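Novice: If you're matching positions, the sequence shown starts at 929 in this note's numbering and goes up one per residue.
Note that CB positions come from ideal geometry on N, CA and C, so glycine has one too.
This one's a predicted model, so the numbers in the text were calculated from it and none came from an experiment.
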Amino acid sequence: MSYRAFPIAAALLASSCCVVQLILNSLSIGCAGFSALDPYQPLFTTATVILLSSSLIHSRFKLVSDPKFWFTVVTCIVLMASPTLVEMHNKNHLFLIPSISSLKSVSTIPLHSDSDLSLHPGFACLKIHTWKISGLKCQGCAARVKSVLDAIENVERTTVDFENGLVKVAQKVSSIPSTSEYADLQWERNVVHSVAGIDFSYQLEKLQNVEYEGKACENVF
C-alpha cells in the first residue's frame, strides 16, 4: 500500500495541489493558497521519482507485472502534469474544464476561422478586450476566472495568462454597430463584477488596446 500512497502524495504536492484547487473551484470555494508549494515543486517531483524507483527496486522488479503499480505511475504523471495542462486550458491550447454554462502569446488570442463566426447569426466579428488582473494565486484560480467569463453573454472565448496577469475576452459583436456606448459599458461592468464575485481580491484594470478578428470587421469598424 505504501508504494502507492507515498508516491501519489508526493506527486500531489508536486502539482501544487492543482487538482485539489480545481475540486474546490467546482464547490465554489476560493483559493486555498496551494501556490505556496510552487518553490518546492522540483523537490516533490524528485521525491516522487525516488519513491517509485525505490519501490520497484525493493520488490526486485516484481512490480513490473503489477497493474496497480502502473496505475500508480500513471496517476503520478497526470498529477505532476496537471499544472501544465491547466495552463494550456487557460490559454485555449487545450479543452480541459467546461465553463459554468455548458494566447498563443500574450499579445494574441488563438484565432478561430471565419466559419466559426457564421455559426452565430447577427455577429460579424470578435471584439477583443484586454484586462490586467491582480489577485490570482495559481493556475487553478485562473481556470475558475476563465470558466466564469466564458459563461457571460456574447463571450466567444476567454484567455487567462496567469504569469503575465492578463485576461483577454473575445466579445461577439453585432454586424450593425451600436450607436449607444451604454450597452458596451454595461457589458464591461458585467465582466468586472463577475470576476469580483469570485473573490473580492481579484481586480481587473481595463487596458485601452482593443483588437478585432474576422473579415467582416473591416466593413463594420
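1. Can you tell me the Cα-Cα spacing of Cys1053 and Arg1085, whole angstroms?
2. Which residues does DSSP pair with Ser1057 in a beta bridge?
3. According to DSSP, which residues form a beta bridge with Thr1087?
4. Would a C-beta distance cut-off of 8 Å place Val1076 and Val1120 closer than the cut-off?
5. Taking the beta carbon of Leu991 as the centre, do at least 16 other beta carbons fall within 10 Å, making it buried, or is it exposed?
6. So, for Tyr1074: in the same chain, excluding its five sequence neighbours on each side, which residues have a beta-carbon less than 6 Å away from its beta-carbon?
7. Who are the Cβ neighbours of Ser963 in its own chain at under 7 Å, not counting the five residues just before and after it?
8. Could you tell me the boundaries of the alpha helix (DSSP H) in which Glu1015 lies?
9. Kindly indicate which three-state DSSP category Leu1064 falls into: helix, strand or coil?
Specialist: With the given structure in hand:
1. Position 125 of the sequence shown, counting from 1, holds the residue named residue 1053. Position 157 of the sequence shown, counting from 1, holds the residue named residue 1085. If you take the alpha carbons of Cys1053 and Arg1085, they lie about 13 Å apart.
2. Here residue 1057 is taken as the residue at index 129 of the sequence shown, counted from 1. The displayed chain sequence assigns His, not Ser, to residue 1057. In the DSSP output, where bridge partners are listed per residue, His1057 has Val1097.
3. On the sequence shown, position 159 is the one that residue 1087 refers to. According to DSSP, Thr1087 bridges with Lys1096.
4. Numbered from 1 along the sequence shown, position 148 holds the residue referred to as residue 1076. Numbered from 1 along the sequence shown, position 192 holds the residue referred to as residue 1120. Not a contact, by the Cβ cut-off of 8 Å.
5. In the sequence shown, counting from the first residue as 1, residue 991 sits at position 63. With 16 or more Cβ atoms within 10 Å of its Cβ, Leu991 is classed as buried.
6. For the purposes of this step, residue 1074 is taken as the residue at position 146 of the sequence shown. Checking the displayed sequence, the identity of residue 1074 turns out to be Lys instead of Tyr. Same-chain partners within the cutoff: Asn1018, Thr1086 and Val1088.
7. For this step, residue 963 is matched to residue 35 along the sequence shown. Cβ within range, chain order: Ser944, Lys1065 and Cys1066.
8. Indexing the sequence shown from 1 puts residue 1015 at position 87. Per DSSP, Glu1015 belongs to the alpha helix (DSSP H) from Pro995 to Asn1018.
9. Within the sequence shown, residue 1064 is the residue found at index 136, counting from 1. Of the three classes helix, strand and coil, the one that applies to Leu1064 here is coil, per DSSP.
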